[in-house]
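Protein chains in written order, with the working numbering: chain A, 14 to 727; chain B, 14 to 727.
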């Protein structure tokens, strides 16, 4: 790619971003869009719909930037929870890393690269200069200037490791402080026990009761046996749907302002009949449901939520193997009640294990077979290749603008499109794998997405997309540095374009919320829905975090290869910081709280990026005929991995569990709390399956919030 | 190697074994050797020295075989502990596996191999037939007979997995039953806490006391702070030595029956002076020691043994992270008091971690550099190579007997010699790695030795010993099956000879106890020591288990390649069963009890052998032009690894820890035990460093047993 193609791409994207941000600043002020751009504020009652018109509503403004900037981390913590704070720390960490990298890269490495003569390109014509002349490929073989790159790699690794340590330690302390300040919550007192052995003739509940009263007499409080409610859930969903339609119809009869829309549908004549008919149907369904609830209650799963009187009591039962047979009485931490993923609740130890294996294999297969679209996309950056394949395109491709758009913009857009299909698939895989909570499903999907992205975007692109070639690289480990050193710098221009197109565009589409906006528009204008029935979305960490981390990986690996990528990344992270802050404050409401458990993924990904960078460095210095530098780089990945190992020992346990010290202190604090008696009463029923809770629709028409606590994640 | 060379080797070794066993059956009846052949019985007072002469003493007999055969497993459990039972189960398991393998191998695979024509060797001259004609190499390429080998691999894997499962389950139940029947022991109630944070001005003991009384008020009993006693230990050793000499001199003055030996030494004139002089010196040393004990007591290490009132209480503190910082208040299970390895007690978290890393690297370096002697030994089996290197040997090597001895016997003997140096080195490495007990050191050394043996004997031999070649094989995983399939069958004759020489000889030297016999002889006849002062040896598991497992690996990998190895292995395991039973009953006394924790090593090693066999099978079927069989073998290692994963989940936790159910039941049993009060009093001082215990030699001359509880392992 030449410089002018990059500039075209930057220009298009800057324009698009500017357009989207301007549109956003106007559209967000329209009262009809309040459910799209501030659903969270509406749900919390902080935002009131004002219908009076003023000119200010039509002018773009940057006030939202200031409002997103202002709240402190403490404010964010109190409104959006620790997970949101940790999410924002990714940007702060990345900004620190890439500001440092940017200074070194642009002011030291870039001039050195540009002054090299290896690629011997004409000096005069800057716009037509290949981007490769800004990369390390342009430095002369055996040149002593490469020692500057070598030092930069060491210094950069040191700085990143220091920042990683600092962040890990900061978030650890945040997590502990957050735990100390948390109110008593059911999941802190509860564990999930599966593989409960049941003697013939007795029931699961009896078995649990007798086991825990025998072995934990002083701390055991209560239990809730898990039941299979898939069928029941279907009936409830039907009732729910009916109830909503009914509520909708009723509200229309009383509110006069919606007449306009009624006429639009042409249903005004049959309105009352329909209402009565629906109410009758709903009552029938409810009777049906109550009968099913009592008859299906017998379908017990050999698993139960067991609650204890203290957090420490729950921790004891959690950490010590309970039964003699390790496959029985298997304990795990209970998720928050609203976080439990009820639909897939397979209790058998063996079944869960097999499911896990099957879906890990499925994940690997998907990751590998996804290469096919990537290969096609990769073809677009090699125009000559494309011309060979599709000769009829030759005429079009000679037009400069078309070829620039195709090489600079289209590939990333198509990749983006394919990629957007993957996160939901990963969620399905993770949920099938047998995780019991949305948070765990999302965390697992996040890791899956991360490796998927790294493999399918980074490796598939640099390795020319040939599946066979990729398999070969795993099987010849000693060749890896050499191969990577050859192919990674060659793809620098693709990834710079990728940051500009995919990165910047993803942010503007994130803030613009195109899809919800269209949905809301269609709802309001065609179905007559006034938007009062809506769900506050939760942030899809499994989609966002891998994307952000992937840009981090690009920055780290290309830091000394092609420092030209760094300014574009810095722009991305600055924009992302503001955009996501805005979204967290206005749009997304937390559905659950993991207490910062996403951070270790960020840490691991950064360590992986560093080691990848080192491996490429080893190869590059070898290729550049500087074998001494190549050998001297070898300690760098070793030291980085040792540092990682140290962090794993020093911080990771904090993210897994709370220590006895924390738990006991918190328990003692509770003893002085008079509300604990009330809390314990609630605790007993906290983990009841929502499908088994008594349901009463017919009398309660008019309520807006659904009686069901759970909803889909993605 | 040709058949006659193998037969020569078998002949020599059978003769040697017969000789050693005969000598053993005579020598063991001599009263002077009772400390060599039955030290355990002497220590337990079960064997009395009878000096009256009868003819029977000079005749070889097989009575010891019957006596070793008779005791049941229960008897062995009560006299030698669970570890000894588990050790014997290795032989029972191996006998079962190789009886089955032997039947299939010798009666089905061997004839098929022999009837092949691939190597086209003359059929008539059996003694000069190469051993290769009994191996799979002789089967015709593409022959359908290979499907029998294929089926044999599947059936054999199935049987081995079934037996593995059965053994794991059997030993697990034994372990739990053994725990239920055990008396209260200090290590069940105690944990070792390291990384204790100490605020300035306070002492470690105070910190421990305040932490555990705060967080475990109901279960905490007492603590013993660990102290650095290396210097003190040296003084004690000196005193100990002096005390022994003194005791020895004294006993000689009073017992009249030792006059014969006194005259031999010619020291009778100065006897009394020496005694007084020594006693004076010992008293001085003791004063010195007491002073040092009080002055050095301040050198506290930031670690302490913390005892609890119940086993469950100890388990709670063990399994739940105690402090907020995971590198502080690090808990681990306390070893038995006599099992604690005091000399190396590094308490800092970072120091222990670095030590571990350093010695793992040292271990890898040793394993690799050990190849040099192996290469030389390997040269001996290639006579032609040897003649090229040392032309002057040509004359000698043409003599048939010499060349047969060199190819059949010498290589394994030299290997054996080098290998005997390795176990002590592994013990040193493991102890430097920071393990806190002899049992852990031995377990770690056992694993180290196992991989060392597999790598240096198996892989170094099959891969022609070239270091470079071996590094290449790691770096080209896809070539592994092909390379192994080429080289492993070629070394069949070497390993058959190895089983016969190294295996059989090691057993006869084990029972004959050459080295202790010589030591005892020298002591009795030259130093005038009457043998009353002796230590009962403990079985060096780290040396024995890897050897036995290595023979198992040979049997499993060569099972379908060269079934001729199986009868020799069966002989080995039969002999070993009797020999080790005899040694366990008469010679070795258990120094500590791990409760069968060595079994997982056996399990893993067998799984590794199976997978190695499968990989070779994949390669062999490929080489033999039967690609379908090669592909159909691929599920076999996958299934085996899944089986292993299942076993890890099903059984391994039992070997790591006891479940809450076990611990609480056992604790409740204790509550009815009136001796518990007394036991708890003892518990408080159980973990005092022996170097800090009050020492009183001067008044107690005449006692035979040392006041020190600990002694070297190897």
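Here a beta-carbon is modelled for each residue, glycine too, at the ideal position from N, C-alpha and C.
Quiz item: What alpha helix (DSSP H) runs, 4 residues minimum, are completely inside the segment 624–657 of chain B?
Solution: For the alpha helix (DSSP H) assignment, the uninterrupted runs of no fewer than 4 residues enclosed by the segment 624–657 of chain B are, from N- to C-terminal side, 640–646.
Quiz prompt | Per DSSP, cross-strand counterpart(s) of residue 345 of chain B | solution = The partner list for residue 345 of chain B (beta bridge, DSSP) reads B:205.
Exercise. Determine the burial state of residue 515 of chain A: buried for a count of at least 16 other Cβ atoms within 10 Å of its Cβ, exposed for fewer.
Key: Within 10 angstroms of the beta-carbon of residue 515 of chain A lie 16 or more other beta-carbons, which makes it buried.
Quiz item: Which first and last residues belong to the alpha helix (DSSP H) in which residue 21 of chain A is found?
Solution: For residue 21 of chain A, the enclosing alpha helix (DSSP H) stretches over residues 16–40.
Self-check item: Residues sharing a beta bridge with residue 616 of chain A, DSSP
Solution: None; residue 616 of chain A has no bridge partner.
Quiz item: Does residue 684 of chain A get closer than 8 Å to chain B when you measure Cβ to Cβ?
Solution: Look at residue 684 of chain A: its C-beta is not under 8 Å from any C-beta on chain B.
Practice problem: Would you mind sorting residue 658 of chain A into buried or exposed? The rule is 16 or more other CB atoms within 10 Å of its CB. | Solution: Classification for residue 658 of chain A: exposed.
Practice problem: Could you name the residues of chain B that residue 189 of chain A contacts, counting a contact when the two beta carbons are closer than 7 Å? | Solution: Residues of chain B passing the Cβ test: 337.
Quiz prompt | Residues that DSSP places opposite residue 313 of chain B in a beta bridge | solution = For residue 313 of chain B, DSSP records a beta bridge to B:240.
Exercise. Return the chain-ordered list of same chain residues with a C-beta closer than 8 Å to the C-beta of residue 301 of chain A, the five sequence neighbours on each side being excluded.
Key: So the qualifying residues of the chain are 248.
Self-check item: chain B contact for residue 334 of chain A (CB, 8 Å cutoff)
Solution: Chain B contact via Cβ: present.
Quiz item: If you draw a straight line from the alpha carbon of residue 272 of chain B to that of residue 539 of chain B, how long is it in whole angstroms?
Solution: Because the pLDDT at residue 272 of chain B is just 42, under 50, the model does not fix this residue reliably, and the value given afterwards should be weighed accordingly. The straight-line gap from Cα to Cα measures roughly 14 Å.
Quiz item: Which residues in the same chain have their Cβ closer than 6 Å to the Cβ of residue 608 of chain A, if we skip the five residues on either side of it in sequence?
Solution: Taken in chain order, the residues that qualify are 95, 188.
Quiz item: Does any C-beta atom of chain A lie closer than 8 Å to the C-beta of residue 182 of chain B?
Solution: Under the Cβ criterion of 8 Å, residue 182 of chain B is not counted among the residues facing chain A.
Self-check item: Beta carbon proximity, residue 174 of chain A to chain B, threshold 8 Å
Solution: It does not: the Cβ of residue 174 of chain A has no partner Cβ on chain B nearer than 8 Å.
Self-check item: Members of the segment 684–708 of chain A near chain B, C-beta cut-off 8 Å
Solution: Answer in chain order: no residues at all.
Quiz item: What residues are listed by DSSP as bridge partners for residue 235 of chain A?
Solution: Answer by DSSP bridge pairing, in chain order: A:320.
Self-check item: Collapsed DSSP secondary structure at residue 535 of chain B in the structure displayed
Solution: In the structure shown, residue 535 of chain B sits in a helix (DSSP, three-state: H, G or I).
Quiz prompt | Contact set between residue 675 of chain B and chain A, taken where Cβ atoms lie within less than 8 Å | solution = Correct list: 337.
Self-check item: chain A contact residues for residue 663 of chain B, given Cβ-Cβ distances below 7 Å
Solution: Here the neighbours are 339, 340.
Exercise. Please list the residues of the segment 155–171 of chain B that have a C-beta atom closer than 9 Å to any C-beta atom in chain A, keeping them in chain order.
Key: Flagged: no residues at all.
Quiz prompt | residue 369 of chain A versus residue 172 of chain B: straight-line alpha-carbon distance, rounded | solution = For the pair residue 369 of chain A and residue 172 of chain B, the Cα-to-Cα distance works out to about 27 Å.
Quiz item: Does the beta-carbon of residue 75 of chain B have 16 or more other beta-carbons within 10 angstroms, so that it is buried, or is it exposed?
Solution: It is exposed - the Cβ of residue 75 of chain B has fewer than 16 other Cβ atoms within 10 Å.
Quiz item: For residue 450 of chain A, which of helix, strand or coil comes out of DSSP?
Solution: Residue state for residue 450 of chain A is assigned as strand, using DSSP reduced to three classes.
Quiz prompt | Of the residues A:295, A:222, A:228, the one placed nearest residue 257 of chain A, counting alpha carbons only | solution = Distances from the CA of residue 257 of chain A to each of A:295, A:222, A:228 were compared; the closest alpha carbon is that of A:295.
Quiz prompt | Endpoints, the alpha helix (DSSP H) within which residue 563 of chain A is located | solution = Start and end: 554–571.
Quiz item: Hey, does residue 521 of chain B have any beta-carbon neighbour from chain A nearer than 8 Å?
Solution: With 8 Å as the cut-off, residue 521 of chain B does not count as an interface residue toward chain A.
Quiz item: So, is residue 269 of chain A buried or exposed, given that buried needs 16 or more other C-beta atoms within 10 angstroms?
Solution: Bear in mind that a pLDDT of 44 at residue 269 of chain A, under 50, signals an unreliable position, so the model cannot answer this.
Quiz prompt | Straight-line gap, residue 30 of chain A to residue 511 of chain A (C-alpha atoms, nearest Å) | solution = Distance from the CA atom of residue 30 of chain A to the CA atom of residue 511 of chain A, rounded to whole angstroms, is 15 Å.
Practice problem: Identify whether residue 211 of chain A lies in helix, strand or coil by the three-state DSSP scheme. | Solution: In the structure shown, residue 211 of chain A adopts coil according to DSSP, grouped into three states.
Quiz item: What residues of chain A sit near residue 670 of chain B, judged by a beta carbon separation below 9 Å?
Solution: Per Cβ cutoff of 9 Å: 333, 334.
Practice problem: Would you mind reading off the limits of the alpha helix (DSSP H) that contains residue 684 of chain B? | Solution: 673–684 is the extent of the alpha helix (DSSP H) around residue 684 of chain B.
Self-check item: Any non-hydrogen atom of the ligand GDP within 7 Å of residue 453 of chain B CB
Solution: Of ligands this structure carries none, so the ligand GDP is not represented either.
Practice problem: Could you list which residues in chain A have their beta carbon closer than 8 Å to that of residue 228 of chain B, in chain order? | Solution: Residues of chain A passing the Cβ test: 673, 674, 677.
Practice problem: Classify residue 98 of chain B as buried or exposed, calling it buried when 16 or more other Cβ atoms lie within 10 Å of its own Cβ. | Solution: Residue 98 of chain B is buried by the Cβ-count criterion.
Self-check item: Unbroken alpha helix (DSSP H) run spanning residue 191 of chain A, endpoints
Solution: Element bounds for residue 191 of chain A: 159–194.
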